[in-house]
Structures are given as structure tokens and as C-alpha cells.
Amino acid sequence: LNKQYGFKKFVIVVPSIAIREGVLKNLEITHEHFQNLYDNVPVHYQVYDSSKVSSLRGFATSNNIEILVINIDAFAKDENVINKPNDKLTGQIPIEFIQATNPIVIVDEPQNMETENRKKAIASLNPLC
Numbered sequence: 010l011n012k013q014y015g016f017k018k019f020v021i022v023v024p025s026i027a028i029r030e031g032v033l034k035n036l037e038i039t040h041e042h043f044q045n046l047y048d049n050v051p052v053h054y055q056v057y058d059s060s061k062v063s064s065l066r067g068f069a070t071s072n073n074i075e076i077l078v079i080n081i082d083a084f085a086k087d088e089n090v091i092n093k094p095n096d097k098l099t100g101q102i103p104i105e106f107i108q109a110t111n112p113i114v115i116v117d118e119p120q121n122m123e124t125e126n127r128k129k130a131i132a133s134l135n136p137l138c
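Add 9 to a position in the sequence shown, counting from 1, and you land on the number used in the numbering used here.
Here you go:
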């Protein structure tokens, strides 16, 4: 998607910690392969951590390919840290950094994302698709 269309922001939404760990392992073991295949285009991947919301600023502003792996439960409720103004981000709401990028959202285990609440949460990321 980057090579063909220039997309740089990707969010992988997972339903559980176990699936998240599998996604991370896959990114880790395929990283070198894709680097060789696509001329070493810089790629950075990270897991969303509610105690490190300032990393979302880097996700949004970096000119590299950015992949954010996030558990659906981390942003599906209004009371989640990602949905509240944060002092570490000068009062901004962390999820707004993701929304501003219009990311490509990849849903792992989509059969686990079919409730209205989860569909609404995924739509709240403001995905391009």
C-alpha cells in the first residue's frame, strides 16, 4: 500500500493481548524481509501503551511508515485514557493524533469486532479505509 499508493499510517486493531503478541511477533520476523523487498523504506511499529500516550505524537508526525498495534479495549470506551485530554500532550486528546492521520485500519479477528460499540470505536479512528 505504501509502494503503490504512498500510504504511511496503519493501525492494526486486535481483540486480545494474545492476538496482539502474535501480530508483534509477525512484524518482528518479517521486518527484514520487507526491508529487503521494498528498498529499506523506514518502517516503525509500536504497541499503544496508555502510560506512554506521547508516542502517538510521533506516530502522527513521522514521515516514515508507521504501524500502531492497539487492543480494541484500549479505545472502545469514553473513559479510556486515549479518549480524554492529557497533560502530557498539552491537554490534547490522544486519539486525535491517530484521527488526524486518516490511517488504514486493519482489523485482526474481525468476527470479534461485530458489536455496535466496537464498530463505533473503529470508526472513531477516522480511518481512510
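Heads up, the beta-carbon is just placed ideally off N, CA and C, and yes, glycines get one too. Bear in mind that the values here come from a model prediction, so they are computed numbers and not experimental data.
Pairing CB atoms from the region 53 to 60 with CB atoms from the region 109 to 122, are three or more of them under 8 Å? The region 53 to 60 makes no contact with the region 109 to 122, as fewer than three CB pairs between them are under 8 Å.
Span of the beta strand (DSSP E) around Lys93: For Lys93, no beta strand (DSSP E) run applies, since DSSP gives it neither H nor E.
Per DSSP, what kind of secondary structure is Leu77 in: helix, strand or coil? Note: Leu77 maps to strand in three-state DSSP.
Contact check, Arg127 vs Val78, beta carbons under 7 Å: Cβ atoms of Arg127 and Val78: not closer than 7 Å.
With hydrogens ignored, establish whether the beta-carbon of Glu123 is closer than 6 Å to any heavy atom of the ligand GTP. This structure simply doesn't include the ligand GTP, nor any ligand for that matter.
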